[in-house]
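Numbering (UniProt numbering), first residue to last: 1 to 357.
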């Protein structure tokens with residue numbers, strides 16, 4: 001649901017071609033499916049619309065049992081019906097919906113208990129935290145409550161679920177049992193966060209939203225290390241979508257400042273189906289940080305830091321090339337902001353007009 005500035009697509013295209021050639025040379029496209037879902041149970045929050053809904057349908061088509069979560073029972077019931085129609089094994093797959101408000105403290109543990117009971121007492125195999133919302137605005141011009149509410153949904157909504165499910169998956173064995181040396185060799189559980197490409201490159205106008213998605217990236221980068229300290233086999237992933245043509249995208253456009261539209265001009269908007277398909281493909285490749293479009297790939301390469309690498313050779317080469325593009329792209333971004341400021345003056349004099357339009 002996020003827009004980003006236009007970049008030199010020629011430079012990015014050249015970089016991508018080099019990455020593809022390198023990946024082919026290293027056999028990066030020949031790996032096994034690291035997240036098979038046939039017969040597995042998946043829980044998806046934020047599944048009533050957008051990417052979450054598309055992910056539910058596509059995983060159902062791959063044979064997964066799917067539990068969908070959001071605040072709207074009516075929308076979820078419709079998604080369950082669509083999953084049943086898309087099912088790979090119509091006679092044996094199961095689909096259910098559970099209502100919950102992810103912004104509320106302590107929502108996750110009771111919800112997870114209900115889903116486990118629905119799953120015959122068995123822990124779920126995959127949890128995908130896809131719930132999110134964006135209300136763009138000038139951070140200085142709106143009350144801090146606007147930022148807090150987006151933090152509650154986008155960060156705490158995922159953090160609460162992660163805390164509950166990881167404590168279940170990685171619980172200490174009872175005193176009468178002996179930890180198995182093969183725990184790490186068992187079929188892995190998967191925890192999937194949904195951040196945003198804005199966690200790689202913040203854009204003016206998304207001040208109330210970006211900090212939450214950046215915090216989520218920090219949490220994922222921490223947990224991907226922390227799970228290694230436990231004997232269970234748990235894989236952590238984080239998806240970084242860009243702009244998605246969803247109902248949420250239509251809602252965010254109602255408050256988006258004009259300068260934000262200037263900066264993001266030319267940014268491609270993907271369908272929820274395309275984003276979900278790319279995200280699932282990345283999960284099946286075993287990637288940790290999953291970007292779903294060319295611009296997202298480039299932004300990830302530029303700020304990898306201490307995050308795990310998807311492909312060491314490609315990610316290292318592209319991390320060296322990305323700064324070259326920024327030499328031209330970053331001055332252009334700031335030039336557009338300053339030009340807009342010179343033409344329109346103080347944001348307080350026009351930001352309400354932006355919302356009205």
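Ideal Cβ placement from N, Cα and C applies to all residues, glycine included.
None of the values given here were measured: they were computed from a predicted structure.
Asked: Chain-order list of residues whose beta-carbon lies under 7 angstroms from that of residue 286 (same chain, five-residue window excluded); Found: 31, 34
Asked: Endpoints, alpha helix (DSSP H) assigned at residue 298; Found: 294-302
Asked: Cα-Cα separation between residue 116 and residue 123, rounded to whole angstroms; Found: 5 angstroms
Asked: Proximity below 8 angstroms, CB of residue 169 to CB of residue 96; Found: no
Asked: Neighbourhood of residue 77 by C-beta, 8 angstroms cutoff - its chain only, sequence neighbours within 5 removed; Found: 97
Asked: Ranges of the beta strand (DSSP E) found wholly within the stretch 39-93, counting only runs of at least 3; Found: 41-45, 65-70
Asked: Check whether residue 73 and residue 66 have beta carbons under 8 angstroms apart; Found: no
Asked: Cβ-based neighbour list, residue 120, same chain, cut-off 6 angstroms, excluding 5 preceding and 5 following; Found: none
Asked: 8 angstroms Cβ cutoff met for residue 210 and residue 198; Found: yes
Asked: N-terminal and C-terminal residue of the alpha helix (DSSP H) that residue 224 is part of; Found: 210-226
Asked: Cβ neighbours of residue 346 in the same chain (closer than 8 angstroms, five flanking residues each side left out); Found: none
Asked: Reduced DSSP category for residue 240 - H, G, I as helix; E, B as strand; rest coil; Found: strand
Asked: Candidates 296, 195, 163, 114: closest to residue 151 by CA position; Found: 195
Asked: Distance, residue 310 Cα to residue 29 Cα; Found: Residue confidence for residue 29 is low, a pLDDT of 49 falling below 50, so the modelled location carries little weight and cannot support an answer.
Asked: Whole-angstrom distance between residue 141 and residue 332, CA atom to CA atom; Found: 25 angstroms
Asked: Cα-Cα separation between residue 348 and residue 144, rounded to whole angstroms; Found: 16 angstroms
Asked: Segment contact flag, the stretch 305-321 with the stretch 334-343, C-beta cutoff 8 angstroms, min 3 pairs; Found: no
Asked: Meets three-Cβ-pair contact criterion under 8 angstroms: the stretch 264-274 and the stretch 237-245; Found: yes
Asked: Any 3 or more C-beta pairs closer than 8 angstroms across the stretch 156-163 and the stretch 126-139; Found: yes
Asked: Coarse secondary structure for residue 26, derived from DSSP in three states; Found: Residue placement at residue 26 cannot be trusted, given a pLDDT of 45 that sits under 50; what the coordinates show is reported in the next sentence. Reduced to three states, the DSSP call for residue 26 is helix.
Asked: Endpoints, beta strand (DSSP E) assigned at residue 127; Found: 126-129
Asked: Coarse secondary structure for residue 155, derived from DSSP in three states; Found: helix
Asked: Residue burial classification, residue 126 (beta-carbon count within 10 angstroms, cutoff 16); Found: buried
Asked: Cβ separation of residue 306 and residue 221, assumed to be a contact under 8 angstroms, to the nearest whole Å; Found: 6 angstroms
Asked: DSSP-derived helix/strand/coil call for residue 350; Found: coil
Asked: Proximity of residue 43 and residue 69 at Cβ, strictly below 8 angstroms; Found: yes
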